[in-house]
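Colleague: Read in order, the letters of the sequence shown are residues 543 to 739 in the working numbering. Mind looking over this structure? Questions follow.
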Amino acid sequence: MERLTPQHACEALLLRIQALILQKGRVLAAIDGMASSGKTTLAGALAEAIPGCHVVHVDDFFLPAQRRADVRARLTANADLERLDADVLAPLCAGKDALFRPFRCHPEPAFLPPVRIPADFQAVIVEGAYSLHPLLADRYDLRVVMTIGVDTQRARIRARNGEAMLARFESEWIPLENRHIRVHRLLERCDVRIDVP
Numbered sequence: 543m544e545r546l547t548p549q550h551a552c553e554a555l556l557l558r559i560q561a562l563i564l565q566k567g568r569v570l571a572a573i574d575g576m577a578s579s580g581k582t583t584l585a586g587a588l589a590e591a592i593p594g595c596h597v598v599h600v601d602d603f604f605l606p607a608q609r610r611a612d613v614r615a616r617l618t619a620n621a622d623l624e625r626l627d628a629d630v631l632a633p634l635c636a637g638k639d640a641l642f643r644p645f646r647c648h649p650e651p652a653f654l655p656p657v658r659i660p661a662d663f664q665a666v667i668v669e670g671a672y673s674l675h676p677l678l679a680d681r682y683d684l685r686v687v688m689t690i691g692v693d694t695q696r697a698r699i700r701a702r703n704g705e706a707m708l709a710r711f712e713s714e715w716i717p718l719e720n721r722h723i724r725v726h727r728l729l730e731r732c733d734v735r736i737d738v739p
């Protein structure tokens, strides 16, 4: 496992992904980790630097309320990982196009128009909490986990989402995500760890 600082993470991961593309012809990567650690930002920066790179957000696979109780017991919170695997990862691993419909909660819950990822992709990055859940982890060529200090995390969530949402993050989502990281031993099983102070 390689440990990177946030300042060098993008450049170092870019080199690893390029090497994997040369070796394997394509790369499936995941960026999991703590809330507000920078997963989406890092995935976006990598996608800008890699021609034809596709980013898939776990948040696009939000789970309908009626199914959440069962899923919480399996430490996947509000993420429909079965759909993520069936619509994206399994087809791509089988050499087929992926086709999925992102789900948006606001302003009204709705599925957006379909997104297609061609079978001849060079790089796909799945970013978001639970992307390295055991249901999915074996699908990837590169596994990245991001951590963040509690004070920095709180400040980022407060600035981005406001005080009321910070309280909800701290009472609902952060404990579940941290439990997922701990129980599934992501920090031991990842290829790359990035620690944000």
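Idealized CB from N, CA, C, for every residue including glycine.
According to DSSP, simplified to helix, strand and coil, what is glutamate 650?
Modeller: coil
Colleague: Considering only DSSP beta bridges, list what arginine 658 is partnered with.
Modeller: Leu641
Colleague: Quick one: what does DSSP say threonine 547 is sitting in, helix, strand or coil?
Modeller: coil
Colleague: Does methionine 707 come out as helix, strand or coil in the three-state DSSP assignment?
Modeller: helix
Colleague: I'd like to know if the region 647-667 and the region 622-636 are in contact, where contact means that at least 3 CB-CB pairs between them fall below 8 angstroms.
Modeller: yes
Colleague: Could you check the C-alpha separation between alanine 587 and cysteine 552 for me, to the nearest Å?
Modeller: 7 angstroms
Colleague: Using a Cβ-Cβ cut-off of 7 angstroms (strictly less than) and excluding sequence neighbours within five positions of tyrosine 682, which residues of its own chain qualify?
Modeller: Leu570, Ala571 and Ala572
Colleague: Is the CB-CB distance between glutamate 719 and alanine 585 below 7 angstroms?
Modeller: no
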